[in-house]
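Mind the numbering: the sequence shown is residues -4 to 268 in our numbering, read in order.
The C-beta atom is built at its ideal place from N, Cα and C for all residues, glycine as well.
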Amino acid sequence: MGERGAELSGVEWTALVTLYLRAVESRSKESILKDRAASEAVRRLGGDFGLGSLKMRLTAGDRYLVVLRARQLDLWAADFLARHPDAVVVQLGCGLDSRASRLDVPPGVLWFDVDLPEVAELRRRLFPDREGHRTIGASVTESRWWEEVPWDRPVLAIAEGLLMYLEEQEVRRLLERLTDRFTTGTLLFDGVAPWVVRISERLPRAYRGFGMHWATRNAWELEQWNPRLRRIEEVAPLARYPVIPSRFYRCLYRVLSLIPPLRNELKLFRFEF
Ligand SMILES: C[S@@+](CC[C@H](N)C(=O)[O-])C[C@H]1O[C@@H](n2cnc3c(N)ncnc32)[C@H](O)[C@@H]1O
């Protein structure tokens, strides 16, 4: 299993990074996420995926950004599911995320996790399909896989760490397909600031291994692209630093959150339609 995980490259590799960061955080005594499924998945993949623990360890300082993002999305998702126990959930670019095991998912919910075929294949081995939960291997930019998702229920669409890897036209088309298909729903996603995309373009390919394309400051443009979408809330995950149990990281994140470009490097958005 460890070698298979190590074969992921390019943007698919990022799924291993976020899984690893959630697992590392979940192993600490005062974990925020308590994501046992992530920790178990990393153990099954061989600890550091055979990638050389240094590369993974270097990213470990970022774990709270990934964890605070996941936690906020969990809170929004839990709120939606409590109000819509018959919902369809579609996690776009789900990677190796184990949100369904962190939430109290009502039994009537149908849950679909969508990612590129290689990630989906690894995902099914770690988190096998079960009743009401399915992994679909496809690009979110394709249209055919949507036919596998029932359209006659409220939808919760979550794109965590995905849209920045798409081109603007692809983001627009994806959102159009979502609102064309469903009568009502909630869309949760994160977006990076334009300077993050500019920096990612300058990094040598060996370091980034993938390209970021779409950036947004406040996501107002979504309402212009798609008049059905209403912007409800926005949160900078870094500003949620008070819940970090480690004093060192709490202070570090507090300082970073005082610098607006850093606080706003990543923002979470909740839209309804
Ligand atoms: C940073 S990871 C985030 C994974 C997961 N959402 C998480 O938070 O752990 C980005 C994910 O987006 C997926 N991805 C990128 N482009 C995609 C596309 N066109 N269609 C489906 N998934 C895509 C990658 O394979 C990867 O799993």
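>> Between Glu7 and ligand 2, is there a pair consisting of the residue's CB and a ligand heavy atom that are separated by less than 7 Å?
In response: Among the ligands in the structure shown, ligand 2 does not appear; only ligand 1 can be found there.
>> Does the distance between the C-beta of Thr130 and the nearest non-hydrogen atom of ligand 1 fall short of 7 Å?
In response: As a first step, residue 130 is located in the sequence shown; it is residue number 135 there, counting from the start. Outside the cutoff, so no.
>> Tell me which residue opens and which closes the beta strand (DSSP E) that Phe205 is part of.
In response: One-based indexing of the sequence shown puts residue 205 at position 210. Premise fails: Phe205 is in no beta strand (DSSP E) and is neither H nor E.
> Which of the three DSSP states, helix, strand or coil, is assigned to Glu(-2)?
Replying inline: Position 3 of the sequence shown holds residue -2. Below a pLDDT of 50, predicted positions are generally treated as unreliable, and Glu(-2), at 44, falls in that range; no measurement from the model is reported.
> So does Val135 have its beta carbon nearer than 7 Å to some heavy atom of ligand 1?
Replying inline: The residue given as residue 135 occupies position 140 in the sequence shown. Taking the Cβ of Val135 as the reference point, at least one heavy atom of ligand 1 falls within a distance shorter than 7 Å.
> CB-CB under 6 Å to Gly103, same chain, minus the five flanking residues each way: which ones, in chain order?
Replying inline: Here residue 103 refers to the residue found at position 108 of the sequence shown. Counting only Cβ-Cβ distances below 6 Å, and skipping sequence neighbours, we find Pro80 and Asp81.
> With 16 as the cutoff for other CB atoms within 10 Å, does Glu7 come out buried or exposed?
Replying inline: Counting from one through the sequence shown, the residue named residue 7 turns up at place 12. Looking at its Cβ environment, which holds 16 or more other Cβ atoms inside 10 Å, Glu7 is buried.
> Could you give the residue range of the alpha helix (DSSP H) that holds Ile131?
Replying inline: For the purposes of this step, residue 131 is taken as residue 136 along the sequence shown, with counting starting at 1. Per DSSP, Ile131 lies in no alpha helix (DSSP H); the unbroken beta strand (DSSP E) holding it starts and ends at His128 to Gly132.
>> Quick check on this structure: which residue in Pro240, Asp147, Thr211 and Asp69 has the alpha carbon closest to the alpha carbon of Val83?
In response: For the purposes of this step, residue 83 is identified with residue 88 of the sequence shown, where counting begins at 1. Looking at Pro240, Asp147, Thr211 and Asp69, the one whose alpha-carbon comes closest to that of Val83 is Asp147.
>> Can you give me the C-alpha to C-alpha distance between Glu216 and Val135, rounded to a whole angstrom?
In response: By 1-based counting over the sequence shown, the position of residue 216 is 221. By 1-based counting over the sequence shown, the position of residue 135 is 140. Spanning the two alpha carbons is a distance of roughly 20 Å.
>> Helix, strand or coil for Gly180? Go by DSSP, reduced to three states.
In response: Here residue 180 refers to the residue found at position 185 when the sequence shown is read from its first residue. Strand at Gly180.
> Taking all protein chains shown into account, do 16 or more other C-beta atoms lie within 10 angstroms of the C-beta of Glu(-2), making it buried, or fewer, making it exposed?
Replying inline: Here the question's residue -2 lines up with position 3 in the sequence shown. Only weak support is given to the placement of Glu(-2): the predicted model assigns it a pLDDT of 44, under 50, and the question is left unresolved by the model.
> Using CA coordinates, which residue listed in Leu251, Glu267, Pro189 and Phe266 is at the minimum distance from Leu60?
Replying inline: Looking up residue 60 in the sequence shown gives position 65. The shortest C-alpha separation from Leu60 is found at Leu251.
> Is the distance from the Cβ of Val192 to the Cβ of His208 below 8 Å?
Replying inline: To locate residue 192, count along the sequence shown from 1; it is residue 197. To locate residue 208, count along the sequence shown from 1; it is residue 213. Taking 8 Å as the cut-off, the beta carbon of Val192 is found closer than this to the beta carbon of His208.
> Taking the alpha-carbon positions, what's the Ala231 to Leu261 distance?
Replying inline: As a first step, residue 231 is located in the sequence shown; it is residue number 236 there, counting from the start. As a first step, residue 261 is located in the sequence shown; it is residue number 266 there, counting from the start. Rounded to the nearest angstrom, the gap between the Cα atoms of Ala231 and Leu261 is 6 Å.
>> Nearest by alpha-carbon distance to Arg245: which of Leu16, Arg58 and Val12 is it?
In response: Here residue 245 refers to the residue found at position 250 when the sequence shown is read from its first residue. Ranking Leu16, Arg58 and Val12 by Cα distance to Arg245 puts Arg58 first.
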